[in-house]
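Each residue of the sequence shown is one higher than the last, beginning at 1 in UniProt numbering.
Quick reminder that beta carbons are idealized off the backbone N, C-alpha and C, glycines included.
One structure is given here, and the rest of the page talks about it.
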Amino acid sequence: MVFQEVTPVPGIAPRLSGVGEWLVGIGERLAALPGASLLTVVAAVAVGVVVANFLVRLIGRPVARRVSRQSVAQTIIRGVRVGTIGLALLVGLDAVGFRFSDLLLGTAVFSAVIGIILAPLVGNFINGVFILADQPFEIGDMVELEDGTTGFVEDITIRYTKIFTLDNTFLVVPNGTMRERDVTNLSAEDERTRRSIDVLVTYESDIPEARRRIERAARDCEAVIDGGPDIRIGVARYMAGPDCRLHEFGDNGILLRLRYWVKKPYKLAKVQSDVNTRIRERLGDPEADVTMAYPHRHLVFDDTSGVARVNADANRSAATDSGSATAAAHDTPGDAPASDSGADSPDGGLTAADSTEDDRDDRPDGGRRR
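Right, dumping it as structure tokens:
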């Protein structure tokens, strides 16, 4: 093989050298401008943002296909974006002559203060890594917190977990708190959820009939699993259809407990309301020999209960004395005072009340009425 010697084109090298000198001159002029250092850093960060967006578009779909968990894929993409922008910031600072050794010496002085301030943030970061590694829940899962809050996992980041509640609100929980509290995952792997309802019937009710009617009421609901293969949880198997058992003997009746499985955990309150309504209709049927019990009290009195002893003689004497005083206070007919008219009267000025009292005193029984 014969190689032909390439003859350089005259005038190209001087031209390229002139372009390089021109670019260097422009850089020197820009560096001489006021605030050039800040502009350099801002330009470096802007370039980093553009490059980060390009990388995210480039690796976004391959990462999503290779990583099955959406939360982990989003964390990787966020890490690439933040790392690219951070690298661009470091390049910009180095271009303006910033020395990182001075920064490290200054940080060593305030390390204790910074450690106290950043401790919660570092804790949330570490707990976020544990949540992503342990996989207790995933984006889209329906979870229930220990305080009763229920919602869907909207996002999982390194610092916090965002939950979209059933009340149409967002709940942002730090990963440190999220990992320490009890979280019930209602839609992990198997979405079927078991619920229970307690029904109290009287002791006189037909218990077998009550159990049959309660189970039939649950089967009538569309969202309830009415039968099929047993549901396996660990090494145990449970009946798929509604199952009503005698739970305990209470003070006011017999407590029956209904257990049933719901197909989807997304409308548990509505399903429970439908089941309760149908149970009430089934047990309220006139043909049913079942009566729903309620709390009641039976009061028993002995021979001395409710007896109040009253001194009737003392009450009558007090009433008589009061009537005598009232009659004596009134004037007799005529212009003369009652005392004068009484002096002329044959009974010595006794009033009707006084004469009545005298008559009563003359009686053998002392003037007492029977």
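* Roughly how many angstroms separate the alpha carbons of Ile-76 and Thr-40, rounded to a whole number? -> 29 Å
* To do: Express the C-alpha separation of Cys-244 and Leu-58 in angstroms, rounding to a whole number.
  => Counting only the Cα atoms, Cys-244 lies some 58 Å from Leu-58.
* Is the beta carbon of Asp-141 sitting closer than 7 Å to the one on Asp-206? -> With contacts defined as CB atoms closer than 7 Å, Asp-141 and Asp-206 fail to qualify as a contacting pair.
* Spatial neighbours of Gly-250 within its chain, please: CB distance less than 6 Å, with the 5 preceding and 5 following residues excluded, ordered by chain position. => none
* Asked: Can you name the residues that DSSP bridges to Val-153?
  -> Looking at the DSSP assignment, Val-153 forms a beta bridge with Ile-163.
* In three-state terms, what does DSSP make of Leu-299? -> coil
* Asked: What beta strand (DSSP E) runs, 3 residues minimum, are completely inside the stretch 240–283?
  -> 243–249, 254–262
* **Nearest-angstrom Cα separation, counted from Ala-223 out to Asn-252** => 32 Å
* **Three-state secondary structure (DSSP) of Asn-127** => helix
* Asked: Would Leu-166 pass as a contact of Gly-151 if the rule is Cβ separation under 7 Å?
  -> yes
* From the DSSP output, read off the bridge partner residues of Phe-170. => Phe-164
* To do: Could you say if the stretch 157–165 and the stretch 221–240 meet the contact criterion of at least three C-beta pairs nearer than 8 Å?
  => no
* Under a three-way DSSP split, which group does Arg-370 fall into? -> The pLDDT assigned to Arg-370 is 39, lower than 50, so where the model puts this residue is not dependable; a value taken from the coordinates is nonetheless given after this. Three-state result, Arg-370: coil.
* Throw me the rounded Cβ distance for the Thr-184 and Glu-209 pair, which I believe falls under 8 Å. => Incorrect: roughly 36 Å between the Cβ atoms, too far for contact.
* Asked: Closest by CA to Gly-83, which one among His-298, Gly-48, Leu-246, Lys-264?
  -> Ranking His-298, Gly-48, Leu-246, Lys-264 by Cα distance to Gly-83 puts Gly-48 first.
* Asked: So is Gln-135 buried or exposed if we call it buried at 16+ other beta carbons inside 10 Å?
  -> Gln-135 comes out exposed.
* Please confirm if the stretch 259–267 is in contact with the stretch 188–207, defined as three or more CB-CB distances below 8 Å between the two stretches. => yes
* Beta-carbon proximity check, residue 379 vs Ala-44, cutoff 7 Å -> In this structure the chain extends from 1 to 370, so residue 379 is not present and cannot be described.
* To do: State the Cα-Cα distance for the pair Val-51 and Ser-187, rounded to the nearest angstrom.
  => 39 Å
* **For Ile-231: DSSP bridge partner residues** => Looking at the DSSP assignment, Ile-231 forms a beta bridge with Tyr-238.
* Asked: Within 10 angstroms of its Cβ, does Arg-282 collect 16 or more other Cβ (buried), or is it exposed?
  -> buried
* Asked: If you run the structure through DSSP and keep just helix, strand and coil, what is Thr-202?
  -> coil
* To the nearest angstrom, report how far apart Leu-246 and Met-178 are at their CA atoms. => 38 Å
* Look at Ala-64 and Val-201 and say whether their C-beta atoms are less than 7 Å apart. => Not closer than 7 Å, so no.
* To the nearest angstrom, how far is it from the Cα of Ile-279 to the Cα of Ile-231? -> 24 Å
* Tell me which same chain residues have a C-beta within less than 8 Å of the C-beta of Val-271, skipping the five on either side of it? -> Arg-195, Cys-221, Ala-223, Val-224, Val-262
* Does the beta-carbon distance from Asp-182 to Glu-204 come in below 7 Å? -> no
* Asked: Is DSSP giving Thr-40 helix, strand or coil here?
  -> helix
* Asked: Which residue from Thr-291, Leu-299, Glu-154 puts its Cα closest to that of Phe-170?
  -> With distances taken between CA atoms, Phe-170 lies nearest to Glu-154 out of Thr-291, Leu-299, Glu-154.
* From Gly-284, Asn-175, Ala-95, Phe-164, residue whose alpha carbon lies closest to that of Gly-128 -> Asn-175
* Does DSSP put Val-51 in a helix, a strand or coil? -> helix
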